[in-house]
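Reading through the structure tokens given below for one structure.
There are 2 protein chains.
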Amino acid sequence: MRGEIIAIGNELTSGRIVNTTSGFAAHHLFEAGFDIYAMHTIGDTPALIGEALKRALSRVDFVLVTGGLGPTDDDLTTEAVSEALNRPTMPNLDLLYQIRAHLQSVSGPVVSPLEKLAWLPQGAETLKPNSKMSGFQLIHNDKPIFFLPGVPHQMRTLLIDQVLPRLATWYKERQLAVCQRVYKIFGKSEMEINQETKSLKLGEAVEIGYYPVFPNVHLSMTVRGSDTVTVQNIFDATCDIVEKKMGQYIYGKDEESMESVVGALLQQTGNQLSVAESCTGGLISHLLTSVAGSSSYYLGGVTSYANSMKTALIGVSDSLLQEHGAVSREVAEAMAAGMREKSGADFALSVTGIAGPDGGSIEKPVGTVFIGLAGNDEIQGHHFLFSGTRYEIQRLTAQTALDLLRRYLLR
Amino acid sequence: MRGEIIAIGNELTSGRIVNTTSGFAAHHLFEAGFDIYAMHTIGDTPALIGEALKRALSRVDFVLVTGGLGPTDDDLTTEAVSEALNRPTMPNLDLLYQIRAHLQSVSGPVVSPLEKLAWLPQGAETLKPNSKMSGFQLIHNDKPIFFLPGVPHQMRTLLIDQVLPRLATWYKERQLAVCQRVYKIFGKSEMEINQETKSLKLGEAVEIGYYPVFPNVHLSMTVRGSDTVTVQNIFDATCDIVEKKMGQYIYGKDEESMESVVGALLQQTGNQLSVAESCTGGLISHLLTSVAGSSSYYLGGVTSYANSMKTALIGVSDSLLQEHGAVSREVAEAMAAGMREKSGADFALSVTGIAGPDGGSIEKPVGTVFIGLAGNDEIQGHHFLFSGTRYEIQRLTAQTALDLLRRYLLR
Numbered sequence: 121m122r123g124e125i126i127a128i129g130n131e132l133t134s135g136r137i138v139n140t141t142s143g144f145a146a147h148h149l150f151e152a153g154f155d156i157y158a159m160h161t162i163g164d165t166p167a168l169i170g171e172a173l174k175r176a177l178s179r180v181d182f183v184l185v186t187g188g189l190g191p192t193d194d195d196l197t198t199e200a201v202s203e204a205l206n207r208p209t210m211p212n213l214d215l216l217y218q219i220r221a222h223l224q225s226v227s228g229p230v231v232s233p234l235e236k237l238a239w240l241p242q243g244a245e246t247l248k249p250n251s252k253m254s255g256f257q258l259i260h261n262d263k264p265i266f267f268l269p270g271v272p273h274q275m276r277t278l279l280i281d282q283v284l285p286r287l288a289t290w291y292k293e294r295q296l297a298v299c300q301r302v303y304k305i306f307g308k309s310e311m312e313i314n315q316e317t318k319s320l321k322l323g324e325a326v327e328i329g330y331y332p333v334f335p336n337v338h339l340s341m342t343v344r345g346s347d348t349v350t351v352q353n354i355f356d357a358t359c360d361i362v363e364k365k366m367g368q369y370i371y372g373k374d375e376e377s378m379e380s381v382v383g384a385l386l387q388q389t390g391n392q393l394s395v396a397e398s399c400t401g402g403l404i405s406h407l408l409t410s411v412a413g414s415s416s417y418y419l420g421g422v423t424s425y426a427n428s429m430k431t432a433l434i435g436v437s438d439s440l441l442q443e444h445g446a447v448s449r450e451v452a453e454a455m456a457a458g459m460r461e462k463s464g465a466d467f468a469l470s471v472t473g474i475a476g477p478d479g480g481s482i483e484k485p486v487g488t489v490f491i492g493l494a495g496n497d498e499i500q501g502h503h504f505l506f507s508g509t510r511y512e513i514q515r516l517t518a519q520t521a522l523d524l525l526r527r528y529l530l531r
Numbered sequence: 121m122r123g124e125i126i127a128i129g130n131e132l133t134s135g136r137i138v139n140t141t142s143g144f145a146a147h148h149l150f151e152a153g154f155d156i157y158a159m160h161t162i163g164d165t166p167a168l169i170g171e172a173l174k175r176a177l178s179r180v181d182f183v184l185v186t187g188g189l190g191p192t193d194d195d196l197t198t199e200a201v202s203e204a205l206n207r208p209t210m211p212n213l214d215l216l217y218q219i220r221a222h223l224q225s226v227s228g229p230v231v232s233p234l235e236k237l238a239w240l241p242q243g244a245e246t247l248k249p250n251s252k253m254s255g256f257q258l259i260h261n262d263k264p265i266f267f268l269p270g271v272p273h274q275m276r277t278l279l280i281d282q283v284l285p286r287l288a289t290w291y292k293e294r295q296l297a298v299c300q301r302v303y304k305i306f307g308k309s310e311m312e313i314n315q316e317t318k319s320l321k322l323g324e325a326v327e328i329g330y331y332p333v334f335p336n337v338h339l340s341m342t343v344r345g346s347d348t349v350t351v352q353n354i355f356d357a358t359c360d361i362v363e364k365k366m367g368q369y370i371y372g373k374d375e376e377s378m379e380s381v382v383g384a385l386l387q388q389t390g391n392q393l394s395v396a397e398s399c400t401g402g403l404i405s406h407l408l409t410s411v412a413g414s415s416s417y418y419l420g421g422v423t424s425y426a427n428s429m430k431t432a433l434i435g436v437s438d439s440l441l442q443e444h445g446a447v448s449r450e451v452a453e454a455m456a457a458g459m460r461e462k463s464g465a466d467f468a469l470s471v472t473g474i475a476g477p478d479g480g481s482i483e484k485p486v487g488t489v490f491i492g493l494a495g496n497d498e499i500q501g502h503h504f505l506f507s508g509t510r511y512e513i514q515r516l517t518a519q520t521a522l523d524l525l526r527r528y529l530l531r
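Order-wise, the sequence lines are chains S and Y.
The numbering used here applies: residue 121 is where the first sequence begins, and numbers increase by one.
The numbering used here applies: residue 121 is where the second sequence begins, and numbers increase by one.
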């Protein structure tokens with residue numbers, strides 16, 4: 121079963137906004153066993169929308185169209201589709217009454233541009249009754265076409281709740297078995313991983329891909345076939361081999377992130393963490409707290425951008441700062457120890473460094489970073505020299521600090 | 121002058137990685153006066169690559185191809201192009217000698233898969249001599265085609281340094297004048313902005329677009345024409361009208377972000393800031409320190425995820441926490457006051473709230489947020505109720521806190 125994705129919007133072709141919804145849709149469709157033949161991004165131009173849709177219908181089994189369904193003047197998808205497929209628009213009465221009721225409840229009787237949302241191409245079925253931004257579905261020449269709003273969170277919800285189940289039902293007789301896993305690797309380059317997995321001589325049924333996703337590399341493994349049991353067996357055996365070869369460089373798989381893996385390890389071991397950040401300016405803390413439930417193992421931390429904050433909040437002594445400079449192994453260790461003591465956590469991480477673009481010297485160039493780790497019975501200080509933009513150095517530092525803790529907890 | 125962008129990689133069509141490079145390229149090409157007719161994302165399938173390239177060449181003036189140029193086995197772009205355009209690959213000797221010299225210097229004489237990078241389609245010119253990942257250019261049927269690596273930072277550098285100047289030279293006789301600005305707005309919905317700008321009756325030469333970019337809305341204004349002076353005059357007049365209408369809801373324009381605008385205001389007024397964060401977990405601090413040079417006005421902050429940290433680090437009293445709860449106006453104000461005092465900063469922001477998905481109650485549902493702002497002679501506490509996912513609530517909270525400070529500094 122093969123589909124195409126068409127994303128519509130001048131904001132996308134002009135690059136004012138990066139299209140993230142097509143990738144999201146492709147990911148979930150792929151996981152559900154559908155292949156994406158191509159994805160297109162085009163402007164709010166009716167002729168182009170019609171042409172792209174008709175070409176897609178000529179070569180694939182289903183089409184997903186996103187964007188251009190809103191109430192404003194530059195939203196032209198519905199009109200374009202109506203024209204291209206020769207299906208005049210007509211009001212969906214349920215939707216129209218609902219919009220009018222909503223408007224009346226908030227501002228009395230008015231004629232609003234919102235009513236435009238109720239006019240759909242002939243034959244359209246709304247995906248989610250009782251919702252203004254429900255998107256709609258058309259069956260054209262026996263192929264389903266789904267139209268979803270371009271606003272990411274609306275599109276995502278409708279894709280998961282409506283499109284995937286509808287497609288699965290539509291193609292319930294499909295027989296392809298697929299197993300897929302993405303290993304997330306930190307600390308090895310794409311080429312190193314390519315060379316190492318090549319030496320494993322995996323079977324022909326196994327498709328391998330390598331994708332640098334800064335600061336990590338993703339190694340994807342896909343096994344396809346017609347027999348579910350055979351596919352699963354090959355897949356399991358391959359996973360074992362790859363995991364043995366890569367060892368602790370694999371920090372997670374599929375939806376896991378470094379911060380979710382570290383969080384799970386802290387939870388399993390019953391440990392709590394605090395963090396003192398200088399050059400990463402809150403990034404480590406932000407990553408840790410982006411995980412739901414992180415309050416059970418993360419106590420908080422300090423962003424000590426100025427020296428005075430290192431002294432006032434976590435008791436790094438003035439004399440240590442004077443003697444070694446704020447960017448030094450000694451200060452990193454003192455930050456970790458001070459943070460651990462102040463917070464009462466089992467572990468504290470600390471980072472101090474020069475993220476650039478300015479502030480470097482010959483002795484301590486931009487990218488110089490010290491990471492401290494204070495635990496029960498030891499304090500470690502590590503020295504790194506990263507390269508890249510300000511953001512890249514901050515991100516590499518955060519990932520390395522979390523990875524140090526991960527490897528420590530796995531010991 | 122019109123172009124198409126083709127991004128290649130199974131990692132993109134399977135959604136394992138979101139394609140950000142096409143949007144980046146579209147943005148810069150658009151700013152340089154080129155229109156993007158369409159963007160395509162396809163897998164590492166030679167036949168599909170050839171077909172997409174030939175179709176693009178049949179309808180636009182130039183093509184940008186990204187991805188699939190690396191040394192690993194799944195990089196197939198060069199072979200596909202060679203086949204599609206009937207240009208056999210041959211070694212680029214400069215590139216080959218350079219790769220061999222590099223390899224010899226690091227590991228002695230070896231045969232390496234890196235040598236694959238030196239084999240290019242007949243007629244190809246490398247974009248940047250003396251670089252392994254230089255990308256290349258072909259002129260086919262008098263139309264330029266640019267091939268760039270898919271790795272974002274390599275692609276971005278080559279686009280800016282090589283492709284844009286080469287295209288400008290190629291089309292130096294183009295005569296279209298373009299003025300464009302994007303206003304960044306926080307606190308109004310796309311539809312409100314649409315209605316308000318509609319009432320302005322802007323001229324026909326002015327193209328307006330509205331794009332929700334969570335948590336903001338971008339309002340883009342484009343004026344095109346053949347006469348530079350006329351275009352500039354219309355553009356300037358329109359900017360005045362729009363700025364008057366939107367007032368302080370416009371927080372920035374073009375490349376500006378809320379955090380860069382707040383940073384500039386702090387710098388101009390000679391003020392320093394510190395931040396105490398609970399439910400945002402370091403996000404505000406991370407946003408502020410993502411701006412280069414932020415150390416001159418940002419002192420640092422505290423992420424007090426646990427109550428004990430609010431007490432230990434910024435002196436919020438136990439009794440206050442007991443009486444009002446951690447999520448309260450009183451605690452937000454005490455956090456801001458304590459943070460300001462501890463840090464010695466002119467201003468301190470604080471946030472405390474419930475980001476979800478768990479932890480809400482009937483009195484304080486998920487999305488309840490209090491923001492404190494402590495300045496020279498006053499302490500403010502504000503109450504909000506946001507909705508959305510954990511990330512959305514965190515992001516809305518951070519943006520609102522920074523916007524409160526921005527409006528305060530503008531008074």
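All C-beta atoms in this analysis are idealised placements derived from N, C-alpha and C, irrespective of residue type, glycine included.
Computed from a prediction, not measured in an experiment: that's the story for all the values here.
Just to make sure I have the definition right: I need the residues of chain S whose C-beta is within less than 8 Å of the C-beta of residue i. Which are they?
i	result
Y:Thr520	Chain S residues near Y:Thr520: none, gap ~17 Å exceeds 8 Å.
Y:His338	Glu131, Arg136, Ile137
Y:Pro332	Val271
Y:Ile305	Per Cβ cutoff of 8 Å: no residues; Y:Ile305 is ~13 Å from chain S at best.
Shorter than 8 Å from the beta carbon of residue i to some beta carbon of chain S?
i	result
Y:Tyr418	yes
Y:Met455	no
Y:Gly402	yes
Y:Asn314	yes
Y:His147	yes
Y:Ser346	no
Y:Val267	Note that residue 267 of chain Y corresponds to Phe in the displayed sequence, not to Val. Judged by the 8 Å Cβ criterion, Y:Phe267 is not in contact with chain S.
Y:Ser415	yes
Y:Val447	no
Listing by chain order, which chain S residues have their CB less than 7 Å from the CB of residue i?
i	result
Y:Asn130	Gly329
Tell me whether the beta-carbon of residue i lies closer than 8 Å to the beta-carbon of residue j.
i	j	result
Y:Met455	Y:Thr472	yes
S:Val185	S:Ile313	no
Y:Phe532	Y:Gly123	Limits of chain Y in this structure are 121 at one end and 531 at the other, which puts residue 532 of chain Y out of reach.
S:Thr509	S:Val489	no
Y:Tyr417	S:Ser415	no
S:Ile219	S:Thr197	no
Y:Thr317	Y:Lys365	yes
Y:Leu419	S:Ser428	yes
Y:Val351	Y:Met341	no
Y:Ser470	Y:Ala446	no
Under 8 Å between C-beta atoms, does residue i make it to chain Y?
i	result
S:Asp194	yes
S:Pro249	no
S:Thr197	no
S:Arg510	yes
S:Ala426	yes
Between residue i and residue j, which are expected to be in contact by the criterion C-beta below 8 Å, what is the C-beta distance as a whole number of angstroms?
i	j	result
Y:Met378	Y:Gln519	6 Å
S:Gly255	S:Gly187	Not really, about 11 Å apart at Cβ, beyond 8 Å.
So with CB distances below 8 Å, who are the chain Y contacts of residue i?
i	result
S:Tyr217	Simply none; closest approach about 20 Å.
S:Glu310	Gly190, Thr192
S:Leu516	Those do not exist, as S:Leu516 stays about 13 Å from chain Y at its closest Cβ, beyond 8 Å.
Cβ closer than 7 Å: which chain Y residues qualify as neighbours of residue i?
i	result
S:Pro477	Ala412
S:Ser405	Gly401, Gly402, Thr423
In chain S, what lies closer than 9 Å to residue i by C-beta?
i	result
Y:Phe144	Gly135, Val138
Would you mind telling me which residues of chain Y sit closer than 9 Å to residue i, beta carbon to beta carbon, in chain order?
i	result
S:His160	Ala158, Met159, His160, Thr161
Given that residue i touches chain A, what residues does it touch there, using C-beta distances under 9 Å?
i	result
Y:Lys462	Judged by its chain identifiers, the structure shown contains no chain A, and its protein chains are S and Y.
Query raised in the report: For the stretch 367–429 of chain Y, which segments carrying the beta strand (DSSP E) assignment without a break, of at least 3 residues, lie completely within its bounds, in sequence order?
Result: 370–373, 393–397, 418–424
Query raised in the report: If you scan the stretch 164–227 of chain S from start to end, which runs of the alpha helix (DSSP H) of 4 or more residues do you find wholly inside it?
Result: 166–179, 197–204, 213–227
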